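Sequential numbering from 362 applies to the sequence shown in the working numbering.
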Amino acid sequence: MIKNSIDRLQGRYSKPIAIEVLQLRNFSAAEEYHQKYLDKNPGGYCHIGKAQFEKAAKALVNPVAYPVPDVAVLRQKLTPEQYEVTQHKVTEPPFENEFYQTFMPGIYVDITTGEPLFSSSDKFESGCGWPSFSKPIDPHVIHEEPDFSHGMIRTEIRSRVGNAHLGHVFPDGPKESGGLRYCINSASLRFIPKKDMEREGYGFLLSLID
């Protein structure tokens, strides 16, 4: 079979194809657990439907689409509070910020770059005074840093492309949603209502909004 395939391929070229065909020498049989895997694991990942794969693909955020403005542009674009929060890790007041009690359908993007960060579908009332989410839209859009400021040990959350300070993540979120609470400053976010997502270039994320 392999030789026939190479012969057919050779017919498309004038020079000899440099493909060496040898007998397989190194081979290890898979463990018994992997034999007839689909029969033993009817709920396994191999049974994920096409629609679910397409949904996951649409949720993948391309960082190239969200360039980082230079400092001069950021100073002009952001309010003093937004600049201090995103660039100098200042924390805005609890209960007195823009999105603490916002629960409209839509997405929250990085105020500095527009990169999608969180979905209203994952937002919940935590009582902490800041917007709280159980997870980001895509795990790759944020990164974590150890934070030892103010005599505490915390995990800081920063945006991937803009490297803007967003807030912190704590292990006291809803257990049914993974147990995490992403506590985020409103000043680090811009909210895009669901009805405006297509117009503003975020239509590919509409399937994530309940």
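From the three backbone atoms N, C-alpha and C, an ideal C-beta is built for every residue, glycine too. Just so you know, these numbers come straight off a predicted model, no measurement behind them.
| message | Check whether the region 534-542 and the region 484-493 touch, using three or more Cβ-Cβ pairs below 8 Å as the test. | response | Yes, the region 534-542 is in contact with the region 484-493.
| request: Pull up the distance between the alpha-carbon of PRO507 and that of ALA391, whole angstroms please. | output: Here residue 507 corresponds to residue number 146 of the sequence shown, with the count starting at 1. Here residue 391 corresponds to residue number 30 of the sequence shown, with the count starting at 1. If I take the Cα positions, the gap works out to 40 Å.
| field | Cβ-Cβ separation, VAL522 to THR474 (assumed contact under 8 Å), whole Å | value | As a working note, residue 474 is residue 113 in the sequence shown. As a working note, residue 522 is residue 161 in the sequence shown. Between VAL522 and THR474 the Cβ distance is about 5 Å, and since that is below 8 Å, they are a contact.
| field | N- and C-terminal bounds of the beta strand (DSSP E) containing THR580 | value | With the chain running from 362 to 571 in the structure shown, residue 580 is simply not present.
| In the DSSP assignment, what are the bridge partners of TYR461? | For the purposes of this step, residue 461 is identified with residue 100 of the sequence shown, where counting begins at 1. In the DSSP output, where bridge partners are listed per residue, TYR461 has none listed.
| said: Given this structure, state the Cα-to-Cα distance separating ALA420 from LYS496, to the nearest angstrom. | reply: Here residue 420 is taken as the residue at index 59 of the sequence shown, counted from 1. Here residue 496 is taken as the residue at index 135 of the sequence shown, counted from 1. Per-residue confidence for ALA420 stands at a pLDDT of 47, beneath the threshold of 50, marking its modelled position as unreliable; no derived number is given.
| request: Give the DSSP-derived three-state secondary structure of LYS484 in the structure shown. | output: Position 123 of the sequence shown, counted from the start, is the residue given in the question as residue 484. Strand, per DSSP.
| field | Bounding residues of the beta strand (DSSP E) (the contiguous stretch that carries VAL470) | value | Here residue 470 corresponds to residue number 109 of the sequence shown, with the count starting at 1. DSSP places VAL470 inside the beta strand (DSSP E), whose first and last residues are 467-471.
| said: For the structure I just gave you, are there three or more beta carbon pairs, one from the region 552-567 and one from the region 434-454, closer than 8 Å? | reply: Result no; under three Cβ-Cβ pairs closer than 8 Å.
| query | Based on the DSSP output, what are the partners of PRO554 in its beta bridges? | reply | Locating residue 554 in the sequence shown gives position 193, counting from the first residue. Per DSSP, GLY467.
| task | Starting from the C-beta of GLY564, find all residues in its chain whose C-beta is less than 8 Å away, skip the five residues before and the five after it, and write them out in chain order. | result | One-based indexing of the sequence shown puts residue 564 at position 203. Excluding its 5 nearest sequence neighbours in each direction, GLY564 has C-beta neighbours in its own chain below 8 Å: MET558, listed in chain order.
| said: Looking at the secondary structure, which residues open and close the beta strand (DSSP E) in which LEU569 lies? | reply: Translated into positions along the sequence shown, residue 569 becomes position 208. Careful: LEU569 lies outside any beta strand (DSSP E) and carries neither H nor E.
| request: Could you check which residue in TRP491, HIS501, PHE464 and GLU457 has the C-alpha nearest to that of LEU478? | output: Against the sequence shown, residue 478 aligns to sequence position 117. Here the closest residue by C-alpha is HIS501.
| task | Kindly give me the distance between the Cβ atoms of TRP491 and ASN546, rounded to whole angstroms, as I take these residues to be in contact under 8 Å. | result | As a working mapping, residue 491 is identified with position 130 in the sequence shown. As a working mapping, residue 546 is identified with position 185 in the sequence shown. With a beta-carbon spacing of about 6 Å, TRP491 and ASN546 fall inside the 8 Å limit used to define contacts.
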